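K.L.:
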Amino acid sequence: MSATDLNPHIYRVEVRDVIQETADAVSLTLDTVAGPSASFDYRPGQFLTLRVPCSDGPLTRCYSLSSAPHSPTRPTITVKRVPDGRASNWICDNAATGTLFDVLPPAGSFVPRDWTAPFLLVAAGSGITPIISILRTALALHDNPITVAYANRCAESVIFARDLDALARRHPDRLTITQWLESESGRPTEAALRSWLTAPAESHAYLCGPAPFMAAARGALIANGLAAPHIHTETFTSLTTDAFSAPAPAICDSASSSTATVELDDEVHSITWPRDAVLLDVLLARGLDVPYVCREGTCGGCAYTLRRGDVHLRENHTLDEYDLARGVRLACQSLPRSGILDLAFDQ
Ligand SMILES: Cc1cc2nc3c(=O)[nH]c(=O)nc-3n(C[C@H](O)[C@H](O)[C@H](O)COP(=O)(O)OP(=O)(O)OC[C@H]3O[C@@H](n4cnc5c(N)ncnc54)[C@H](O)[C@@H]3O)c2cc1C
Ligand code: FES
């Protein structure tokens, strides 16, 4: 495999509709026009990775799906301008019906697994995107009580305001929506958020927004008694790698190796895993079709479940304590720490 090979999972999508959600946010509905299969499946809370053809060269960016997989609505992403941001402004200025994008299949582990617990869905700004996909799914397919806590600068910047109003009217017995407008209530500091973010102890909270807001929200929830493994977060950052190329795996001749059993696509492989090579590279070097996106521990696209043994994660910017406690690990960051391991790509 050479450094110029392309990721084999690339789809080409065409923008069908552009919906101006607010002055600085648009939704794009997408049709698949080419790819490894006719269309892709996704789970609520997952994201697509786009190659954005910015004027000074293409950039790889992740955008969460705001549509819900069960609904007939086309897969939809919602993009909010970031001040001086290259890709987000390119999309908001240029995307039109017929625009083509290369995308990688949906990825990410910000996906609820227990749909029976009460949900507290906490969003700030564009963080509403995966949250509304989870909300739409929960309301349509499950019957748990849900509170949405949504923070914005001012009323004009609230994305999906009409959709949320309509959902609240349709589900008054299950859904409570509460808003925080900075223009009225000031900055959402941890101390200020404590009285806003309350939830029964059995709740699961899903948080998405800018990093400082999420840190404040997480702190407020923990201060209010919610256990850390019940708090799930999705952080929006810009990737620094080109997820569309498939760089040659970096495998060195290591003096010591582990052995691992790897379940992937209903097949079981027995591999020798050098102690200084990350799992993703070992599997790619064997020609296995293993999922990945960013290779930098950010997206969760390479997540697997460790069933036996121990690994060291070089970086982890996506898995939370709940995931880690369930044995979820990142293939692009895993170095073996025990002699024998057993794992499965079952995310
Ligand atoms: C899993 C995931 C899901 C996401 N989902 C969404 C979503 O649903 N909707 C959404 O709108 N966004 C989402 N994002 C964020 C998105 O991927 C981009 O990070 C965002 O659009 C900003 O990209 P950009 O190219 O416009 O900004 P960038 O060009 O990356 O700039 C970001 C910021 O950094 C500053 N900056 C850029 N370059 C430099 C530099 N050299 N030195 C100093 N500062 C610099 C810019 O001024 C800007 O403020 C998601 C991210 C992730 C990881
Ligand atoms: S490929 Fe993104 S976290 Fe591993």
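Using our numbering, the first residue of the sequence shown is number 2, and each one after it goes up by one.
We put the beta carbon where it would ideally sit given N, CA and C, even for glycine.
Here the structure is a predicted model, which is why all the values come from computation and not from measurement.
1) Within a Cβ cutoff of 7 Å, which residues of the same chain sit near residue 64, ignoring the five residues on either side of it in sequence?
2) So, is residue 58 buried or exposed, given that buried needs 16 or more other C-beta atoms within 10 angstroms?
3) Curious, which full-length alpha helix (DSSP H) runs of at least 4 residues does the region 8-96 contain?
4) Measuring alpha carbon to alpha carbon, tell me which of 234, 228, 203, 225 ends up nearest residue 213.
5) Tell me whether residue 190 counts as near ligand 1, meaning its Cβ is closer than 6 Å to at least one heavy atom of that ligand.
6) Looking at the secondary structure, which residues open and close the beta strand (DSSP E) in which residue 103 lies?
7) Could you name each continuous beta strand (DSSP E) segment of 3 residues or more that falls completely within the region 179-224, going from the start of the chain to the end?
8) Please say whether residue 322 and residue 230 have beta carbons closer to each other than 7 Å?
9) Once the 5 residues before and after residue 137 are set aside, which same chain residues still bring their CB inside 7 Å of it?
10) What do you reckon, is the C-beta of residue 85 under 6 Å from a heavy atom of ligand 1?
11) Mark residue 20 as exposed unless 16 or more other C-beta atoms lie within 10 angstroms of its C-beta, in which case mark it buried.
12) What do you reckon, is the C-beta of residue 80 under 6 Å from a heavy atom of ligand 4?
13) Cα separation between residue 339 and residue 260?
14) Tell me whether residue 298, by its Cβ, gets closer than 6 Å to a heavy atom of ligand 2.
15) State the start and end residues of the unbroken alpha helix (DSSP H) segment that holds residue 134.
16) Based on the DSSP secondary-structure assignment, which residues constitute the bridge partners of residue 147?
17) Write down the C-beta distance between residue 273 and residue 258 rounded to the nearest angstrom, noting that I regard them as a contact closer than 8 Å.
18) Provide the residue(s) that pair with residue 351 in DSSP beta bridges, ordered along the chain.
19) Are there any heavy atoms of ligand 2 lying less than 6 Å away from the beta-carbon of residue 43, as far as the coordinates show?
20) I'd like to confirm something about residue 302: is its beta-carbon nearer than 6 Å to some heavy atom of ligand 2, or not?
21) Pairs of beta-carbons, one from the region 83-90 and one from the region 139-154, closer than 8 Å: are there three or more?
22) Given residue 1, which residues of its chain have a CB within under 8 Å of its CB, disregarding the five upstream and five downstream residues?
23) Under 6 Å Cβ to Cβ from residue 307, same chain only, skipping five residues before and after it: list those, please.
24) Whole angstroms are fine: how far does the CA of residue 127 sit from the CA of residue 93?
25) Tell me the rounded alpha-carbon separation between residue 317 and residue 299.
26) To which residues of the same chain is residue 347 closer than 8 Å at the C-beta, ignoring the five residues directly before and after it?
27) DSSP three-state label for residue 309, please.
P.N.:
Looking at the atomic coordinates:
1) 48, 49, 51, 78, 80
2) exposed
3) 87-95
4) The shortest Cα separation from residue 213 among 234, 228, 203, 225 belongs to 234.
5) Incorrect: residue 190 has no Cβ contact closer than 6 Å to ligand 1.
6) 101-108
7) 205-210
8) yes
9) Contacts found: 69, 72.
10) yes
11) Burial is judged here by how many other beta carbons sit within 10 angstroms of a residue's own beta carbon; residue 20 has fewer than 16 and is exposed.
12) This structure simply doesn't include ligand 4; it includes ligand 1 and ligand 2 instead.
13) 9 Å
14) yes
15) For residue 134, the enclosing alpha helix (DSSP H) has its first and last residue at 129-142.
16) 120, 176
17) About 5 Å; that satisfies the 8 Å criterion.
18) Limits of the chain in this structure are 2 at one end and 348 at the other, which puts residue 351 out of reach.
19) no
20) yes
21) no
22) In the structure as shown, the chain begins at 2 and stops at 348. Residue 1 is therefore absent and cannot be evaluated.
23) Short of 6 Å from the beta carbon of residue 307, and not among the five residues preceding or following it, lie these beta carbons of its own chain, in chain order: 328, 330, 344.
24) 13 Å
25) 7 Å
26) For residue 347, the CB contacts under 8 Å within the same chain, skipping 5 residues up- and downstream, are 264, 305, 306 in chain order.
27) strand
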